[in-house]
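Heads up, the thing below is written out as structure tokens.
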Amino acid sequence: MAKILSCSIGQVSKYESGDKQLGTNECKALDAAWNTGGVFKIWLGYAKLGIDANAPSRLLRYQRKAIEHCIYSANVVPLPLQTEDYTRSLLEAGYSAGLITDLEKTLALRMELQDAILDGQPDIWIVIDQIALRQMASPQVMAAQRAWLVEMGKLLHISVRILPLSAAPHTGVDGSYWSFVLPGRRMAAYSGNALGVGRVIDDQAEAIGVMSRFQRLAARAWNEDQSRELLERMGESYDGMAQE
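Everything in the sequence shown is counted per the numbering used here, starting at 15 for the first residue and increasing by one.
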């Protein structure tokens, strides 16, 4: 098996345990070696349509271990750059809706994950849709959040850019996504959707496609200086923001 897939025996064990998923290239290799008529490729297609029980744990691992993050956020400020008060405001909405049972515990876990993501100063490239800067908390919390985005964007390993409302329609209108570069330069990605349903992408061809999609979207965003200027001059209300 290792010879067919051009990988180590350890990697085969990860495939067997579900820690790593077969991708398009691996399925093609197995189909060719065993003359299956494309069965593995067909199974891969069905697997992508189903629910992956290991996805949440893999996502957490990728978030913690990635050496580079490329994040497009369509609706909210992304987790790595959220202030604690902003995160609390978002979680309070979930708590009020009955989606969260322990607000303080969930907040602590979210902040611990943020610390883990930022640990080691990985390169972080963030594009935030301008609509995501709308009022999500009190004026004071939003002012502090914008100021934090400005400060974090000044760090050499972090880039913060705003995608203007005028850029729509674009390839990000259907939701946020997160691209990871892992140790060894392996790629992965996560596509988040509503109702807690998201997809972790391990297939290298697909993951590279997500990165390419991010780069095309970033090309339409304001540059770092323009984005910083917008954040610094924004008013407190969404109406004021929309007129920029």
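Virtual Cβ for every residue (Gly too), placed ideally from N, Cα, C.
Below 6 Å CB to CB, which residues in the same chain sit around Ala38 once its five sequence neighbours on both sides are set aside? Reading off the sequence shown, one finds Thr at residue 38, where the question assumed Ala. The residues Asp217, Ala219, in chain order, have a CB closer than 6 Å to that of Thr38 in the same chain once the five nearest residues on each side in sequence are set aside.
Do three or more CB pairs link the stretch 167-177 to the stretch 102-117 at distances below 8 Å? As far as the Cβ criterion goes, the stretch 167-177 does not touch the stretch 102-117, which means the pair count is below three.
Considering only residues of the stretch 29-60, which uninterrupted alpha helix (DSSP H) runs meet the minimum length of 4 residues and lie entirely inside it, listed in chain order? Segments of the alpha helix (DSSP H) lying fully in the stretch 29-60: 38-48.
Please work out which residues of its chain come closer than 7 Å, Cβ to Cβ, to Tyr29, disregarding the five sequence neighbours upstream and downstream, and give them in chain order. When the five nearest sequence neighbours on each side are left out, the beta carbons in the same chain lying within less than 7 Å of the beta carbon of Tyr29 are those of Leu36, in order along the chain.
Excluding the 5 residues preceding and the 5 following Ser190 in the sequence, name in chain order all residues of the same chain whose CB lies nearer than 7 Å to its CB. Closer than 7 Å at the Cβ level, and outside the excluded window around Ser190, lie Tyr86, Ser87, Ala88, Asn89, Gly206.
Could you work out which residue in Leu196, Met15, Met156, Thr97 is closest to Gln137 when comparing CA atoms only? Checking the sequence, you will find Asp at residue 137 rather than Gln. Closest by alpha carbon: Leu196.
Indicate whether Leu231 and Val155 have their beta-carbon atoms separated by less than 8 Å. It is not a contact, given that the beta carbons lie outside the stated cut-off.
For a test of the three-state rule: what should DSSP assign to Ile23, helix, strand or coil? Here Ile23 sits in helix by DSSP.
Ala256 - DSSP class collapsed to helix/strand/coil: Residue confidence for Ala256 is low, a pLDDT of 43 falling below 50, so the modelled location carries little weight and cannot support an answer.
Is the Cβ-Cβ distance between Ile145 and Leu179 less than 8 Å? The answer is yes: Cβ separation under 8 Å.
Would Asp253 be called buried (16 or more neighbouring beta carbons within 10 Å of its own) or exposed? At Asp253 the pLDDT is 42, less than 50, meaning the model places this residue with poor confidence and gives no usable figure here.
Proximal residues to Met255 (C-beta, below 8 Å), its chain only, five neighbours per side dropped: Because the pLDDT at Met255 is just 44, under 50, the model does not fix this residue reliably, and the value given afterwards should be weighed accordingly. Only residues of its own chain outside the window of five on either side were considered, and among them Gln144, Leu147, Arg148, Met248, Gly249 have a CB closer than 8 Å to the CB of Met255, listed in chain order.
Start-to-end residues for the alpha helix (DSSP H) that takes in Ser71: If you look at Ser71, you'll find it in the alpha helix (DSSP H) that goes 69-79.
Compare the beta carbon distance of Ala235 and Arg175 with 8 Å and say whether it is the shorter of the two. Yes, the pair counts as a contact, with Cβ atoms nearer than the cut-off.
Pick helix, strand or coil for Trp192, following the three-state DSSP scheme. If DSSP states are grouped into helix, strand and coil, Trp192 belongs with the strands.
Contact set for Lys34: own chain, Cβ-Cβ below 6 Å, skip 5 residues either direction: Excluding positions up to five away in sequence, the list reads Lys28.
Tell me the rounded alpha-carbon separation between Ala221 and Arg102. Whole-angstrom Cα-Cα distance: 31 Å.
Thinking C-alpha only, which one of Gln229, Ala151, Ala157 is nearest Leu177? With distances taken between Cα atoms, Leu177 lies closest to Gln229.
On a Cα-Cα basis, can you pick out the residue from Gly212, Ser193, Arg213, Glu238 that is closest to Lys79? Among Gly212, Ser193, Arg213, Glu238, the Cα nearest to that of Lys79 is on Ser193.
Compare the beta carbon distance of Tyr100 and Gln159 with 8 Å and say whether it is the shorter of the two. The Cβ-Cβ distance between Tyr100 and Gln159 falls below 8 Å.
Three-state class that DSSP yields for Met125 in the structure shown: Of the three classes helix, strand and coil, the one that applies to Met125 here is helix, per DSSP.
For the putative contact between Leu96 and Leu127, defined by C-beta atoms under 8 Å, what is the C-beta separation to the nearest angstrom? With the sequence shown as reference, residue 96 is identified as Gln, and Leu is not the correct amino acid for it. Not really, about 11 Å apart at Cβ, beyond 8 Å.
Between which two residues does the alpha helix (DSSP H) carrying Ser103 extend? 98-110 is the span of the alpha helix (DSSP H), which, as asked, contains Ser103.
Figure out for me which residue from Gly112, Arg199, Leu74, Pro153 has the closest Cα to the Cα of Leu123. Selection Gly112, Arg199, Leu74, Pro153 evaluated against Leu123 yields Leu74 as nearest (Cα-Cα).
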